[in-house]
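Residue numbers (full-length UniProt numbering): 1 to 526.
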């Protein structure tokens, strides 16, 4: 049993079972295998691969030293600020990450299954007064509820059965305080390491399986009279593996423990689930693309993208953050035309999956994508030259707080360019009220929107009402839809065509009535 002391976490005797962390290996799901056999297999496997307690053994890769030089800073860059945090590191191994976590956090408890690994970690990092080391099977760990600020797990869940993963994530959710974070990284789909192994009892799940699992679980805290679950802050590929091994199957997640509302968006537990299961299903995205143009799911497609991007005077080597990147058409355009580096964020898993498929075809390493919540994602100050967003921030409640984040992330002289749905002053028509409520939009007039940007610290703010342009674009897109109706219905269906065309006509009516507006906003950081 592990317990919290006043300085952190201490341990009593804990017998090792089958579990370790830092590895990549190969096999299929083993949920149906009897538990004792699973543990026997894992014990045998890791006894074979922990004799020298080296980084090559932990990573099961002959290039481990070289990979670590690039991978380690990449992983650390995804973590939240850990000042004052109580950290639990699961699958700590020989301490590749332990020493860096110790430098940032108030206390770190490092846990690993293999005695040789945890002893090597203790030898190297035991001189830190804020460190505790535990050799343990993580499925038998126990900590008080709400006692940990941050949990870090590197290559761990693939050594648990499906039932064990579900039970363990539930326990982690309870251990974390509200607002606490879980970071985990897994080998998905198939093995990554190149070191030969005769036995390989590893379970490779898809990243979609992990994402669904972690966002579907909840814990109830009676004292708070509240249920809590995980929201995804980010999900992304480890770029080191993509670039050095052409391996896109190393996936990271950063999750935050948040309250679950009984009145969640249209019956879904999270806003992301609403987006991916209702508004932006894969089929709906492709229908939008058929209307907007190849690669685009925002108003005007390539024509407005070219017009708006031209306002930025982009230069080769600049770094662009695209918030609400959709399926990446604008990002590929910026990278190809101006030689910039682009990071595209979108909360919709479906959008990012399509964008990454397109990225693989485009062979543009200067464009990357991640599933991320821009209201929770963090970047160092001055990370970007441009922040760009098309028709996305309408989903976000606290726009001022977001714009302040944007201001921090931009370099001095950096530019902000946003197009977004807006509205006129209330009262609105009942039909528009119902539409905004159903979509969960938070809309302001273009003038109010511009004032938020100014209040966030930006200068040279241009807030333009582009509703007339919106209406022209809708008209042209409806004409194009009619021209390709046969092609559209063959690819989708007549019902799909009617849904899209009627949606565009309703958008035109809302704009004609004056309720729905469209704003373009350009600003600079001094």
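Even glycine gets a Cβ: it sits at the ideal position worked out from N, Cα and C. Quick caveat, the model's predicted, so the values are computed rather than measured.
Check this for me: beta carbons of residue i and residue j, under 8 Å apart or not?
i, j, result
"residue 95", "residue 125", "yes"
"residue 158", "residue 204", "yes"
"residue 76", "residue 105", "no"
"residue 249", "residue 189", "yes"
"residue 294", "residue 328", "no"
"residue 504", "residue 477", "yes"
"residue 150", "residue 87", "yes"
"residue 574", "residue 109", "This structure does not reach residue 574, given that the chain is present from 1 up to 526, and the question cannot be answered."
"residue 382", "residue 351", "no"
"residue 424", "residue 521", "no"
"residue 368", "residue 239", "yes"
"residue 78", "residue 183", "yes"
"residue 377", "residue 156", "no"
"residue 256", "residue 181", "yes"
"residue 385", "residue 411", "yes"
"residue 456", "residue 403", "yes"
"residue 432", "residue 416", "no"
"residue 523", "residue 458", "yes"
"residue 439", "residue 419", "no"
"residue 153", "residue 90", "yes"
"residue 525", "residue 414", "yes"
"residue 548", "residue 165", "Look at the range of the chain in this structure, 1 to 526, and you will see that residue 548 is not part of it."
"residue 470", "residue 428", "no"
"residue 340", "residue 232", "no"
Have a look at the DSSP bridge pairing and note the partners of residue i.
i, result
"residue 369", "344"
"residue 186", "251"
"residue 203", "According to DSSP, residue 203 bridges with nothing at all."
"residue 73", "BP columns for residue 73 are empty, so no partner."
"residue 110", "89, 133"
"residue 65", "Answer by DSSP bridge pairing: none, since residue 65 is not bridged."
"residue 516", "423"
"residue 320", "342, 386"
"residue 104", "None, per the DSSP bridge assignment."
"residue 463", "521"
"residue 258", "229"
"residue 417", "388, 522"
"residue 211", "Answer is none; residue 211 lacks a bridge partner."
"residue 313", "BP columns for residue 313 are empty, so no partner."
May I ask which residues mark the beginning and end of the alpha helix (DSSP H) holding residue i?
i, result
"residue 362", "349 to 362"
"residue 336", "329 to 338"
"residue 526", "No alpha helix (DSSP H) contains residue 526, which DSSP labels as neither H nor E."
"residue 233", "Per DSSP, residue 233 belongs to no alpha helix (DSSP H); it is in the beta strand (DSSP E), 226 to 237."
"residue 399", "399 to 409"
"residue 510", "494 to 513"
"residue 280", "Counting along the chain, residue 280 falls outside any alpha helix (DSSP H), and DSSP gives it neither H nor E."
"residue 123", "115 to 125"
"residue 172", "162 to 175"
"residue 488", "485 to 491"
"residue 381", "First-last for residue 381: undefined, no H or E at that position."
Pull up the distance between the alpha-carbon of residue i and that of residue j, whole angstroms please.
i, j, result
"residue 364", "residue 332", "8 Å"
"residue 306", "residue 399", "26 Å"
"residue 24", "residue 187", "Low per-residue confidence applies at residue 24: pLDDT is 35, beneath 50, and the placement is therefore not dependable, though the value from the model is reported in the following sentence. Approximately 6 Å between the Cα atoms of the pair."
"residue 422", "residue 465", "9 Å"
"residue 167", "residue 228", "15 Å"
"residue 101", "residue 271", "31 Å"
"residue 396", "residue 444", "11 Å"
"residue 278", "residue 64", "42 Å"
"residue 527", "residue 179", "Residue coverage of the chain in this structure runs from 1 to 526, which leaves residue 527 outside it and unanswerable."
"residue 122", "residue 317", "43 Å"
"residue 474", "residue 436", "19 Å"
"residue 21", "residue 348", "Unreliable positioning characterises residue 21 in this predicted model, as indicated by a pLDDT of 34, which lies under 50. A coordinate reading is not provided."
"residue 99", "residue 379", "22 Å"
"residue 484", "residue 499", "15 Å"
"residue 251", "residue 507", "38 Å"
"residue 468", "residue 144", "58 Å"
"residue 296", "residue 282", "14 Å"
"residue 323", "residue 298", "12 Å"
"residue 222", "residue 258", "15 Å"
"residue 115", "residue 254", "28 Å"
"residue 74", "residue 511", "45 Å"
"residue 338", "residue 315", "6 Å"
"residue 434", "residue 515", "12 Å"
"residue 374", "residue 452", "17 Å"
Would you give the residue range spanned by the beta strand (DSSP E) that residue i belongs to?
i, result
"residue 446", "Note, residue 446: premise wrong, no beta strand (DSSP E); alpha helix (DSSP H) at 446 to 455."
"residue 140", "Premise fails: residue 140 is in no beta strand (DSSP E) and is neither H nor E."
"residue 433", "Note, residue 433: premise wrong, no beta strand (DSSP E); alpha helix (DSSP H) at 430 to 439."
"residue 149", "148 to 154"
Does the pairing of the region 206 to 220 with the region 168 to 185 give three or more beta-carbon distances under 8 Å?
yes
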